[in-house]
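Below: the structure, in structure tokens.
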Amino acid sequence: MDPTASIRERAAQLRAEIESHNFRYYVLDQPAVPDAEYDRLMHELADLEQQYPGLVVPDSPTQRVGGQAAPQFAQVRHNLPMLSLDNAFADADVVAFDRRIHERLGRDDAITYSAEPKLDGVAISLRYEKGVLVQAATRGDGTVGEDVTHTVRTIRSVPLRLRAAAVAPLIEVRGEIYMSREGFEALNARARASGEKTFANPRNAAAGSLRQLDPQLAAARPLALYAYGFGQMDKGELPPSQSAGLALLRSLGLRVNPLCEVVRGLAGCLEYYVRMATRRAQLPYDIDGVVYKVDDCELQTELGFVARAPRWAIARKFPAEEVLTVVEGVEFQVGRTGAITPVARLKPVPVGGVTVSNATVHNFDELRRKDIRPGDTVIVRRAGDVIPEIVAVVPERRPAVSRAVEPPVQCPVCGSDVIRQEGQVVARCSGGLVCPAQRKQALRHFASRRAMDIDGLGEKLIDQLVDAGLVKNAADIYRLQADQLLDMERMGEKSAVKLVAAIARSRNTSLGRFLFALGIPEVGEATAATLAGHFGQLESLSEASEEELQGVADIGPATAAAVRTFFAQAHNRDVIGDLRRLGVSWPDGAGEPARVGHGRFAGKTLVVTGTLAHMTREAAQARIRAMGGKTADSVSSRTSYLVCGEKPGSKLKRARDLGVPVLTEEEFLALINGGGMQ
Ligand code: JCF
């Protein structure tokens, strides 16, 4: 049967939505929806494609496993693909799994399974040569992943050397890197205290930590490993069963989850699931289900694979926790750039171990689509530590009289007009920095650690200064006097003097930081650093046309337009002029990045030549740039270092002739992984 036009349309819509979630999840580490919702979309698409095989296209998200590798990490090709697991969402799916296995194997006695908790972390492949850890790679799309050796090496439960090196000259260990709930909470508490970005859940925190460029920062993150299998193993004898494999992993010195068990038949699987579901809340880490594997490896081989998932294993997922509560009201929040988001105030209700009293609705389209009204009974879901969301309204429970929520026409904070541009889902307050809500948040951002880094100028103080009318814009910060500060709550003489000194100190900054601090929409830290590096001077950036801006690598049309619009506003130019007159300055032409701790190569130009053993030349160059350095293709007297791999050719000779210092690959790796440089 051929799919109808509307079914085709639905499949296309699902694909687009899933791709966008994939990007947010795998590339940005910033999921927009809970896993359960993602799974639901994938399932709906897979079901449609199964029903109408004509809908399947090679680039459908159902046809691959994961996301793209980020460009700044060297790519690692997995010689043996890293498998993903098929999902089971109900007992019936496990029953069907067990039945398929019986049918394929032509057996009717109970199958022995190896069962384990399914960790909600990041899949990893660890390569040990002669017992020594030489490489750690993420799954990526299953075939090509990212080299994260530099951060994995800092994880204490990852042995740098196996205890029994003689087992095989090459052993690949597969496992899951995760962060304990306690470690995650502590990390977020620290991030909050210093005004940094917090992570939505332990898995994102683990993924973000692995992808840290700076291993020293990663080392401070409480990551751990549980190993669950093998990848490639040269000349070694593969264990005869999954359970024997786990025992071998243990004897090699790897951490294996003590809750792994051998269970008998379907009944054993179902019973194990119930037991783990009961223990789940008490475990120190997040699990999102359990994994069953046919224990006998010979049977595994006989069963084989479908696409990227083995026929001999399945992940039985826990359902996301959902509860009912009542919407007490819908309020509007004004963000830093004026974006107005509806927030549903809920009758407080416990979900998954925390009390939930509000849920953000992403925008007014979502509010209208879900038709959420005050007085409604709603289904609230919280998966992992993702912000709770309203799944749906229960129509039967809607009060006889209720009214849909209209988007405000005026900003609830400053009364300015609310504008919604054609084709955009966000409504914005047009008040700009006239709006106290925007002003406070813009100032918070300006003073934050990664921006102007004004120690002691936090959220509460900014609110007071704005409310007292002392600070209207960023320039006013540099006009503050100690005696004015003394009028603020909980401000003693000492701290006032200290703060004035911190404000004065912040005047010396970098162009990248300054640009980031301005809070231009679309310009985050990385973009600010890119712009600073490219233009070198504020004048040329502020005069650049949209076309010129789009010509810069990594700058898209939205960013180019935002930058252009920002500098076109007279009040923005005025504040910038005031800031500079008040002494805010940076080294001229400095393409130094805004990130602290990433500036190891700041002011240096490096040339990479020859074949590197641990990464491609392009990846090495990307790392240098990410750490603040410049890269060049040829050696000159201005070259700071030549990084030299195998078979270097003429560049090495030229460097020697010019007296340019030469770094071996090992020396280079030591530098990027935390060593010093004079
Ligand atoms: O804990 C996990 N997330 C987990 C993932 C455990 C396993 O035993 C897995 C896995 C992904 C693939 N095994 C395979 C084959």
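Counting in our numbering, the sequence shown tops out at residue 747, every number present. For every residue, glycine included, the Cβ atom is placed at its ideal position computed from N, Cα and C. Remember, it's a predicted structure, so these values are computed and weren't measured experimentally.
**Request:** Please confirm whether any heavy atom of the ligand JCF lies closer than 8 Å to the CB of LYS187.
**Result:** LYS187 Cβ: within cutoff of the ligand JCF.
**Asked** Since GLY298 sits in a beta bridge, which residues does DSSP pair it with?
**Response** Assignment of beta-bridge partners to GLY298 by DSSP yields ARG243.
**Prompt:** SER75 by DSSP, collapsed to three states: which one?
**Reply:** Here SER75 sits in helix by DSSP.
**Item:** Segment limits, beta strand (DSSP E) that includes CYS498
**Value:** Segment 496-498, the beta strand (DSSP E) holding CYS498.
**Item:** Counted within 10 angstroms of its Cβ, other Cβ atoms place SER75 as buried (16 or more) or exposed
**Value:** Flag for SER75 reads exposed.
**Item:** Neighbourhood of GLY728 by C-beta, 6 Å cutoff - its chain only, sequence neighbours within 5 removed
**Value:** Residues of the same chain with their beta carbon placed closer than 6 Å to that of GLY728 are lacking, with the five preceding and five following residues left out of the count.
**Message:** Using only the alpha-carbon positions, how far apart do VAL425 and THR446 sit?
**Reply:** Distance from the CA of VAL425 to the CA of THR446, rounded to the nearest whole angstrom, comes to 14 Å.
**Prompt:** Helix, strand or coil: how does DSSP classify TYR342 here?
**Reply:** The answer is helix: DSSP assigns TYR342 an H, G or I state.
**Message:** Is it buried or exposed, HIS640, if we count other Cβ atoms within 10 angstroms and call 16 or more buried?
**Reply:** The residue is exposed, with fewer than 16 neighbouring Cβ atoms inside 10 Å.
**Message:** Let me check you understand the geometry: is the CB of SER153 closer than 8 Å to at least one non-hydrogen atom of the ligand JCF?
**Reply:** At least one heavy atom of the ligand JCF is nearer than 8 Å to the Cβ of SER153, so yes.
**Limits of the unbroken beta strand (DSSP E) element including PHE401** = It spans 390-403 - the beta strand (DSSP E) in which PHE401 sits, taken as one unbroken run.
**Request:** Return the bridge partner residues of MET560 from the DSSP annotation.
**Result:** Its beta-bridge partners do not exist; DSSP assigns none.
**Prompt:** So, ALA428 versus ILE409, is the Cβ gap smaller than 9 Å?
**Reply:** The Cβ atoms of ALA428 and ILE409 do not sit closer than 9 Å to each other.
**Request:** Name the residue from PHE253, ARG196, SER654, MET248 whose alpha carbon lies nearest to the alpha carbon of LEU229.
**Result:** Minimum Cα distance to LEU229 is reached at ARG196.
**Request:** Would you mind stating whether ALA192 and GLU106 have Cβ atoms separated by less than 9 Å?
**Result:** With a cutoff of 9 Å on beta-carbon distance, ALA192 and GLU106 are scored as not near each other.
**Prompt:** Going by DSSP, what residues sit across from GLU198 in a beta bridge?
**Reply:** Bridge partners of GLU198 according to DSSP: VAL201, LEU239.
**Item:** Distance, GLY698 Cα to LEU239 Cα
**Value:** Going from the Cα of LEU239 to the Cα of GLY698 covers about 36 Å.
**Request:** Would you decide whether GLN690 is buried or exposed? Buried here means 16 or more other CB atoms lie within 10 Å of its CB.
**Result:** Buried: at least 16 other Cβ atoms inside 10 Å.
**Prompt:** Residues in its own chain within less than 6 Å of LYS673 by CB, not counting five upstream and five downstream?
**Reply:** Within the same chain, GLY698, SER709 come within 6 Å of LYS673 by CB-CB distance, once the 5 residues on both sides are set aside.
**Message:** Is the separation between the beta-carbon of LEU315 and that of SER183 shorter than 9 Å?
**Reply:** Against a cut-off of 9 Å, the Cβ pair of SER183 and LEU315 comes out as a contact.
**Message:** Taking the alpha helix (DSSP H) that ARG146 belongs to, which residues open and close that run?
**Reply:** Where ARG146 is concerned, there is no enclosing alpha helix (DSSP H), although the beta strand (DSSP E) it sits in stretches over 144-146.
**Prompt:** Cβ of LYS722 versus every heavy atom of the ligand JCF: is any distance shorter than 8 Å?
**Reply:** In this structure, LYS722 has its beta carbon at no less than 8 Å from each heavy atom of the ligand JCF.
**Request:** Flag TYR295 as yes when its Cβ comes closer than 8 Å to any non-hydrogen atom of the ligand JCF, and as no otherwise.
**Result:** At least one heavy atom of the ligand JCF is nearer than 8 Å to the Cβ of TYR295, so yes.
**Assigned exposure category for PHE268 - 16 Cβ within 10 Å defines buried** = Counting Cβ neighbours within 10 Å, PHE268 comes out buried, since at least 16 surround it.
**Asked** Quick one: is the Cβ of GLU241 within less than 8 Å of any heavy atom of the ligand JCF?
**Response** Relative to the ligand JCF, even the nearest heavy atom lies 8 Å or more away from the CB of GLU241.
**Item:** Same chain, Cβ closer than 7 Å to ASP365, neighbours up to 5 away in sequence not counted
**Value:** THR181, SER310, listed in sequence order.
**Message:** So for ASP104, helix, strand or coil by DSSP?
**Reply:** In the structure shown, ASP104 sits in a helix (DSSP, three-state: H, G or I).
**Item:** Contact test: LYS541 Cβ vs the ligand JCF heavy atom, cutoff 8 Å
**Value:** Not under cutoff, so the answer is no.
**Prompt:** What first and last residue would you give for the beta strand (DSSP E) that runs through VAL460?
**Reply:** Per DSSP, the continuous beta strand (DSSP E) segment holding VAL460 begins and ends at 458-462.
**Item:** N- and C-terminal bounds of the alpha helix (DSSP H) containing ILE523
**Value:** First-last for ILE523: undefined, no H or E at that position.
**Prompt:** What residue from ARG582, SER499, ASP283 has the CA that sits closest to ARG489's CA?
**Reply:** When each option's Cα is compared against that of ARG489, the closest is SER499.
**Item:** Contact test: VAL203 Cβ vs the ligand JCF heavy atom, cutoff 8 Å
**Value:** No, the Cβ of VAL203 stays beyond 8 Å of every heavy atom of the ligand JCF.
**Prompt:** Which same chain residues, not among the five before or five after ASN69, have their C-beta less than 6 Å away from its C-beta?
**Reply:** Since the first residue of the chain shown is 70 and the last is 747, residue 69 is not available in this structure.
**Request:** Give the straight-line distance between the Cα atoms of LEU83 and ASN432, rounded to the nearest whole angstrom.
**Result:** For LEU83 and ASN432, the gap between their C-alpha atoms comes out near 20 Å.
**Item:** Expected contact under 8 Å - CB spacing of LEU321 and ARG232 to nearest Å
**Value:** The C-beta distance from LEU321 to ARG232 rounds to 6 Å, short enough to fall under 8 Å.
**Asked** Which of the three DSSP states, helix, strand or coil, is assigned to THR406?
**Response** Looking at THR406 - three-state DSSP - the assignment turns out to be coil, as it is neither helix nor strand.
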